[in-house]
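Right, one structure below, let's go through it.
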DNA sequence: TCAAAAGTGTTCTCTTTACACCCATGC
DNA sequence: GCATGGGTGTAAAGAGAACACTTTTGA
C-alpha cells in the first residue's frame, strides 16, 4: 500500500481487464468464475480480472490474470469489448476491457495453486448470479464465440494436441447448440486442410478405434468462408 | 482548470474515446481528421476524440465528440476496439476506446461550426501521417467496415434518405474495392427486403431517370448470410 | 455374436456467378 | 438520332444439406 497518493488535475477512472475463460468439460461449455471475498458483491461470483498496472499493456494484463487463475499461457486470447458505464462499480468509476480465452482440455489439468480463493467452473447454462455487469460480459463473450464458430477455425482452440473427429464434432455441437451431420462435418474439417493424421489411434470401449488428428499449426485461427 | 487535484492510492490512466468518422465523398471513402494545435504531435493530423467525463458512458462520449466535430447525431456508431499501450501518449498513460461512425451523405451538409480548428476529410488511400497510434486505429476501422460489408446491411448507412441503386452500388464498390455485377447486386439488394420504392425518380443528364428507393427502417442494420 | 461408436459417397437443392441487350431521357 | 446511364432474366457452376450402411473393436 503506497503511502503517497497519486494526484491528477482531473478525475481518472480505474482500469481493469476481466477475462471470460472458456473450456469444454463433460460435454458442456464452461466458464471460470471466482468468488468475491470483499465488498462490493461479497460472496458473489465474478469474472477473474484485476487492475492494469502502469507498465503493462492491456493484453499482457489479461494474460497475467489468466495465468494467475489457471496457470495457463499461450492459449487463444482475444479482446472482447470495453465496458465503462459510470456506475458499474459502486466504489469508483472502473473501466474494464474484457477479453476472452479458450482453454484446450489438455491444458486444463495443470491448474495453478488456486491462490486460496474460491474458483470454480460453471456451465454456461447454469450460471449463478454474477457481480457487477459480468453477466452482460459473459453473454457477449458467448455470442462472439458462437459467431466465430461459423466463420473461423476457432473451435480447434478447445482441442488437446491429439483429438478425434468425433470429439471435435462434440465440441462444435455443444457450443453451437445444434446437431451437425457427421459426414458433412468431417468433409468440412478435412477440406480446411489444417489438421493431419498422427498415425495413432485411440481405443476406448468395445468399438472401432478412432484416428487421432493434430493441428498443423496449433496457434493459427483462420477466418473462413 | 480545477485548483484542487484529484488523488488516488494507485496511478490511474486517463480515458478518451477517439472516433473514426467515415463518409463517402466523390466516390471515395473518407475519414474526418483534425489538426492538432498543441503538443504532442503539434501540427499532425489526428482522429477526433476527447476525454470521457465522469458522468457519461463511453458511447455517450463518442456521440458527443461526433456531434462536436460534425453536428451530426443519430448515425451508425459502433465500438471498435480499445487501445491502451503504456506509451501511446508521451504525456501520461491514456487508454482510448475507439468507435467508428458512418455519416450518410445527406447529413454531411449540416456541418457544425468548425470550432476554429482545422478539420478535413481525407480519402482513405491518401492519408497524412497521423499522431499517436491513430493509423493503427484507422486501419482497424477500415478492416471492420470492409468485413461488415459482407455479412451485414451496413452499406445502407452511408446512403441519404432517397437513393438510387446505382448510387448504392457505387458506395459498395468504393468500400470493398472490387466491382460488382449490376444485375446480381440489384437482385441481392431487393432480396434483402429492406428498401422500398418511393415512386419518385431522379433525372440527371441525358439518360433514363433512376428510381429512388428508401430504407424501410433507416436505423436498422441486419446481420445477414 | 452383439453392442457401440468410427468411418465413408452420392444425390439433390439452393445459392452464387456469369453474361448481353433494350429503355428512357437530354442534347 | 445518338450518347448516356437505367433497368432487366436465364443458365451454368458451385456450395451446402440430406441421407444409410459397413467396419472395427471389446465384452
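Protein chains in written order, with my numbering: chain A, 286 to 510; chain B, 286 to 510. Think of the CB as a built atom: it goes at the ideal place given N, C-alpha and C, for glycine as much as any other residue. Here the structure is a predicted model, which is why all the values come from computation and not from measurement.
Taking C-beta pairs closer than 7 Å, name the residues in chain B that residue 423 (chain A) reaches, listed in chain order. As a first step, residue 423 (chain A) is located in the first chain; it is residue number 138 there, counting from the start. By Cβ distance, chain B contributes nothing, its closest Cβ being about 18 Å from residue 423 (chain A), past 7 Å.
Under 7 Å (Cβ pairs) to chain A, residues found in the region 444 to 477 of chain B: none
Considering only C-alpha positions, which residue in the set B:325, B:306, B:314 is nearest to residue 417 (chain B)? Translated into the one-based positions of the second chain, residue 417 (chain B) becomes position 132. Residue 417 (chain B) has its Cα closest to that of B:325, out of B:325, B:306, B:314.
Within 7 Å of chain A by C-beta, residues of the region 376 to 388 of chain B in sequence order: 378, 380, 382
First through last residue of the beta strand (DSSP E) which encompasses residue 347 (chain B): Within the second chain, residue 347 (chain B) is the residue found at index 62, counting from 1. Looking at the DSSP string, residue 347 (chain B) is not in any beta strand (DSSP E); the run it does join, the alpha helix (DSSP H), is 343 to 355.
Rounded to whole angstroms, what is the Cα-Cα separation between residue 403 (chain B) and residue 384 (chain B)? If you number the second chain from 1, residue 403 (chain B) lands on position 118. If you number the second chain from 1, residue 384 (chain B) lands on position 99. C-alpha separation (whole angstroms): 21 Å.
With 8 Å as the threshold, decide whether the Cβ of residue 516 (chain A) is near any Cβ in chain B. Residue 516 (chain A) is absent from the structure shown; chain A starts at 286 and stops at 510.
Inter-stretch contact at 8 Å, needing at least 3 Cβ pairs: the region 369 to 387 of chain B / the region 444 to 461 of chain B: Contact between the region 369 to 387 of chain B and the region 444 to 461 of chain B is not established, with fewer than three Cβ pairs separated by less than 8 Å.
C-alpha gap between residue 466 (chain B) and residue 311 (chain A), whole angstroms: Counting from 1 along the second chain, the entry for residue 466 (chain B) is found at position 181. Counting from 1 along the first chain, the entry for residue 311 (chain A) is found at position 26. Using only the alpha carbons, I get a separation of about 49 Å.
On the DSSP bridge list, what partners appear for residue 313 (chain A)? Position 28 of the first chain, counted from the start, is the residue given in the question as residue 313 (chain A). Paired residue(s): A:310.
Tell me which residue opens and which closes the beta strand (DSSP E) that residue 499 (chain A) is part of. Taking the first chain and counting its residues from 1, the one referred to as residue 499 (chain A) is at position 214. Residue 499 (chain A) -> beta strand (DSSP E) spans 495 to 500.
Which two residues bound the contiguous beta strand (DSSP E) that contains residue 414 (chain A)? Numbered from its first residue, the first chain carries residue 414 (chain A) at position 129. That residue, residue 414 (chain A), is in no beta strand (DSSP E); it is neither H nor E in DSSP.
Quick one: is residue 358 (chain B) buried, meaning 16 or more other Cβ sit within 10 Å of its Cβ, or exposed? What you label residue 358 (chain B) is simply residue 73 of the second chain in a count that begins at 1. It counts as exposed.
Drop a sphere of 10 angstroms on the beta-carbon of residue 376 (chain A), count the other beta-carbons inside from all chains shown, and report buried for 16 or more, exposed for fewer. Sequence index remark: in the first chain, residue 376 (chain A) carries index 91 (1-based). By the neighbour-count rule (16 or more Cβ atoms within 10 Å), residue 376 (chain A) is not buried but exposed.
By the DSSP assignment, the beta strand (DSSP E) with residue 485 (chain B) in it spans what residues? The residue you call residue 485 (chain B) lines up with position 200 of the second chain. Here the beta strand (DSSP E) through residue 485 (chain B) covers 480 to 487.
Along the region 357 to 372 of chain B, what residues have a CB closer than 7 Å to any CB found in chain A? Only those residues of the region 357 to 372 of chain B whose C-beta falls short of 7 Å from the nearest C-beta of chain A are listed: 364, 366, 367, 369, 370, 371.
Would a C-beta distance cut-off of 8 Å place residue 387 (chain A) and residue 336 (chain A) closer than the cut-off? Translated into the one-based positions of the first chain, residue 387 (chain A) becomes position 102. Translated into the one-based positions of the first chain, residue 336 (chain A) becomes position 51. Contact: no.
For residue 334 (chain A), count neighbouring Cβ atoms within 10 angstroms of its own Cβ and tell me buried if that reaches 16, exposed if not. What you label residue 334 (chain A) is simply residue 49 of the first chain in a count that begins at 1. Answer is buried; the Cβ neighbour count reaches 16.
Identify, in the order they occur along the chain, each residue of the same chain with its Cβ nearer than 8 Å to the Cβ of residue 450 (chain A), setting aside the five sequence neighbours on each side. In the first chain, residue 450 (chain A) corresponds to position 165, counting from 1. Once the five neighbours on either side are set aside, the close Cβ partners of residue 450 (chain A) are 470, 471, 474, 495, 496, 498.
On a Cα-Cα basis, can you pick out the residue from A:415, A:314, A:338 that is closest to residue 459 (chain A)? Within the first chain, the letter at position 174 stands for residue 459 (chain A). Comparing Cα-Cα distances from residue 459 (chain A) to each of A:415, A:314, A:338, the minimum goes to A:314.
Where residue 441 (chain A) and residue 332 (chain A) are concerned, what is the direct C-alpha to C-alpha distance, given to the nearest angstrom? Within the first chain, the letter at position 156 stands for residue 441 (chain A). Within the first chain, the letter at position 47 stands for residue 332 (chain A). Answer to the nearest angstrom: the Cα atoms are 24 Å apart.
Which residues of chain A have a Cβ atom closer than 8 Å to the Cβ of residue 300 (chain B), listed in chain order? The count along the second chain starts at 1 and reaches residue 300 (chain B) at position 15. Residues of chain A passing the Cβ test: 297, 298, 300, 369, 380.
Residue 319 (chain A) vs residue 422 (chain A) beta-carbon contact at 8 Å: One-based indexing of the first chain puts residue 319 (chain A) at position 34. One-based indexing of the first chain puts residue 422 (chain A) at position 137. Taking 8 Å as the Cβ cut-off, residue 319 (chain A) and residue 422 (chain A) do not qualify as a contacting pair.
From residue 341 (chain B) to residue 356 (chain B), what does the alpha carbon distance come to, in whole angstroms? The residue labelled residue 341 (chain B) in the question sits at position 56 within the second chain. The residue labelled residue 356 (chain B) in the question sits at position 71 within the second chain. Distance between the alpha carbons of residue 341 (chain B) and residue 356 (chain B): 19 Å.
With 8 Å as the limit, tell me which residues of the region 320 to 348 of chain A have their beta carbon closer than that to any beta carbon of chain B; keep them in chain order. Residues of the region 320 to 348 of chain A with a C-beta atom less than 8 Å from some C-beta of chain B are 336, 337, 339, 340, 341, 342, 343, listed in chain order.
Residue 293 (chain A) (DSSP reduced to helix, strand or coil): Against the first chain, residue 293 (chain A) aligns to sequence position 8. Strand.
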